[in-house]
Amino acid sequence: MTKPSNPGTSRLVLGLVTGLAGLWTAGVVLAPWLAAHDSVLGGWLRLLYRPGCHQISNRCLDLGFGPMAVCARCAGLYLGGTLALMWTTVRNHPCRPRPVWLAVVAAPTILDFAAGQVGLPILGNWARFAVALPLGLLAGLYLGDALIEIVRLNSAKEKQEYHGEDSVG
Amino acid sequence: MNQAPSMLKPALISGVAFGVAGSIPVVNWINCACCALIIGCGFFAAFLYSKDSRAAGFAFRPGNGATVGLVAGLIYGVISGILGGIISSAVGMGDWQEVIDQIQMSGADIDPEVLEGITHFMESSGGLMMILIGLFFALVLGAIFGTIGGLIGGSVFKVEPQPPVHEQAPPPPPPVG
Numbered sequence: 065m066t067k068p069s070n071p072g073t074s075r076l077v078l079g080l081v082t083g084l085a086g087l088w089t090a091g092v093v094l095a096p097w098l099a100a101h102d103s104v105l106g107g108w109l110r111l112l113y114r115p116g117c118h119q120i121s122n123r124c125l126d127l128g129f130g131p132m133a134v135c136a137r138c139a140g141l142y143l144g145g146t147l148a149l150m151w152t153t154v155r156n157h158p159c160r161p162r163p164v165w166l167a168v169v170a171a172p173t174i175l176d177f178a179a180g181q182v183g184l185p186i187l188g189n190w191a192r193f194a195v196a197l198p199l200g201l202l203a204g205l206y207l208g209d210a211l212i213e214i215v216r217l218n219s220a221k222e223k224q225e226y227h228g229e230d231s232v233g
Numbered sequence: 019m020n021q022a023p024s025m026l027k028p029a030l031i032s033g034v035a036f037g038v039a040g041s042i043p044v045v046n047w048i049n050c051a052c053c054a055l056i057i058g059c060g061f062f063a064a065f066l067y068s069k070d071s072r073a074a075g076f077a078f079r080p081g082n083g084a085t086v087g088l089v090a091g092l093i094y095g096v097i098s099g100i101l102g103g104i105i106s107s108a109v110g111m112g113d114w115q116e117v118i119d120q121i122q123m124s125g126a127d128i129d130p131e132v133l134e135g136i137t138h139f140m141e142s143s144g145g146l147m148m149i150l151i152g153l154f155f156a157l158v159l160g161a162i163f164g165t166i167g168g169l170i171g172g173s174v175f176k177v178e179p180q181p182p183v184h185e186q187a188p189p190p191p192p193p194v195g
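If you're matching them up, the sequences are chains F and H in order. Just so you know, we're using the numbering used here here: the first sequence kicks off at 65 and counts up by one. Just so you know, we're using the numbering used here here: the second sequence kicks off at 19 and counts up by one.
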């Protein structure tokens with residue numbers, strides 16, 4: 065398993081990406097909250113999530129102030145990804161599950177999606193959220209691993225260049 | 019010495035296949051789950067490139083995955099933007115009308131005359147504007163989500179570089195006499 069050779073930089077990069085992911089996920093709840101408080105921003109924020117989600121109201125979770133800006137499945141994916149990135153940032157150490165797990169956690173979501181397309185009974189909103197959460201978690205873990213690896217390789221390259229110049233000078 | 023495999027081939031295969039799928043009206047609903055088609059496009063491109071890299075004996079790392087995912091996502095954007103635009107302009111103003119409806123539902127304080135003017139302009143531009151706007155959004159989304167898919171693929175299908183094989187020097191000949 066790869067360890068970050070420059071822990072400060074990798075934590076900074078991970079922190080930035082996690083912050084962005086956190087903002088994106090928070091916006092999902094913020095949009096209906098703003099709309100419930102008569103803010104025009106809520107509508108525009110909801111529009112921002114439009115390209116990535118169908119936003120059908122009865123498929124969105126409702127925390128008491130209207131349907132969220134994305135469906136239950138997308139909310140699960142976003143939250144899972146953000147939590148996994150947070151976990152990787154705190155540990156500052158990559159975690160790369162075996163690829164077979166990706167197929168295992170993706171299967172229920174794919175089956176539920178396919179069932180909906182062919183008119184079979186589908187899961188309820190909270191169940192769909194719960195089923196998508198592990199898939200988001202795994203995707204977040206892989207993303208964290210990829211970011212740490214990129215930082216590690218760049219740091220190694222910089223070091224190599226620095227020492228190369230040093231020896232020439 | 020072996021040459022590193024080209025990124026263009028896996029990016030093209032994945033970008034074109036997923037781009038065509040993304041412009042077919044019912045199939046592109048898959049994108050409703052967090053742009054799954056675009057993420058899948060980057061992920062599949064990373065898978066193809068990792069296979070090529072493995073065969074050629076080269077390392078495949080998340081950075082390679084991100085790059086090939088980005089290129090595949092951009093190709094996806096071009097294909098689905100143009101094809102999707104042509105299809106939606108042939109079928110009607112579906113997407114744009116949805117956006118207008120959503121703006122009106124959100125309670126945003128926009129003059130109805132302005133909205134009507136924009137709609138009229140969109141309709142009178144003969145679908146070209148629809149294609150250009152669709153292309154722009156498809157390129158932006160393709161770049162972002164294709165890269166994410168490529169990064170995930172880069173981590174999943176990582177190929178470590180093979181350690182150099184040091185040939186052992188033959189033992190010295192036995193002393194004569």
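Positions of the beta carbon are idealized from the N, C-alpha and C atoms, including for glycine. As the structure is a computational prediction, the values presented were derived from the model and not from experiment.
Look at F:Cys-124: its C-beta is not under 9 angstroms from any C-beta on chain H. Counting only the Cα atoms, F:Asn-70 lies some 43 angstroms from H:Leu-150. Counting the other CB atoms within 10 Å of its CB gives H:Lys-176 a total of 16 or more, which places it among the buried residues.
For H:Asn-49, at least one C-beta of chain F is nearer than 9 angstroms to its own C-beta. Under the Cβ criterion (8 angstroms, minimum of three pairs), the segment 179 to 195 of chain F does not count as touching the segment 153 to 160 of chain F. Residues of chain F whose Cβ lies closer than 7 angstroms to the Cβ of H:Val-174 are, in chain order, Pro-163, Leu-166 and Tyr-206.
Close partners of F:Arg-137 in chain H (Cβ separation under 7 angstroms): Ala-51. In the three-state scheme derived from DSSP, where H, G and I count as helix and E and B as strand, H:Val-45 is classed as helix. In this structure, DSSP gives H:Ala-51 an extended state, which the three-state scheme calls strand.
For F:Val-182, the enclosing alpha helix (DSSP H) stretches over residues 164 to 182. Of all C-beta pairs linking the segment 198 to 206 of chain F to the segment 19 to 31 of chain H, fewer than three are shorter than 8 angstroms, placing the two stretches out of contact.
Take F:Arg-123, set aside five residues on each side of it, and the residues of its chain with a beta-carbon closer than 7 angstroms to its own are Cys-135, Ala-136 and Asn-189, in chain order. H:Gly-171 and H:Glu-131 have their alpha carbons spaced roughly 48 angstroms apart. At least one beta carbon of chain H lies nearer than 9 angstroms to the beta carbon of F:Arg-160. With contacts defined by Cβ atoms closer than 9 angstroms, F:Cys-138 and H:Cys-59 do not form a contacting pair.
Sequence-distant partners of F:Val-215 (beyond 5 residues in either direction) whose C-beta falls short of 6 angstroms from its own C-beta, in its chain, are Thr-73, Ser-74 and Val-77. Burial state of F:Leu-84 is exposed, judged by a 10 Å Cβ sphere holding fewer than 16 other Cβ atoms.
In the DSSP assignment, F:Gly-188 falls outside any alpha helix (DSSP H), carrying neither H nor E. A straight line joining the alpha-carbon of H:Ile-162 with that of H:Pro-190 spans about 60 angstroms. Contact annotation: H:Gly-167 and H:Thr-85 have beta-carbon atoms that are not nearer than 9 angstroms.
The C-beta of H:Gly-37 comes no closer than 9 angstroms to any C-beta of chain F.
According to the DSSP assignment, H:Phe-155 belongs to the alpha helix (DSSP H) that extends over 146 to 174. Taken in chain order, the members of the segment 58 to 91 of chain H whose beta-carbon sits within less than 8 angstroms of a beta-carbon on chain F are Arg-79, Pro-80, Gly-81, Gly-83 and Ala-84. If you draw a straight line from the Cα of H:Arg-72 to the Cα of H:Glu-178, it comes to about 9 angstroms. Across the segment 208 to 229 of chain F, CB contacts with chain H closer than 7 angstroms involve Asp-209, Ala-210, Glu-213, Ile-214 and Leu-217, in sequence order along the chain. For the options F:Leu-166, F:Ala-95 and F:Phe-129, the alpha carbon positioned closest to that of F:Leu-197 is the one of F:Leu-166.
Interface with chain F (9 angstroms Cβ-Cβ cutoff): H:Ile-170 is included. The Cβ atoms of H:Gly-91 and H:Ile-56 sit closer than 9 angstroms to each other. DSSP places F:Cys-138 within a helical segment (H, G or I) once states are collapsed to three. Here DSSP, grouped into helix, strand and coil, assigns F:Cys-124 to coil.
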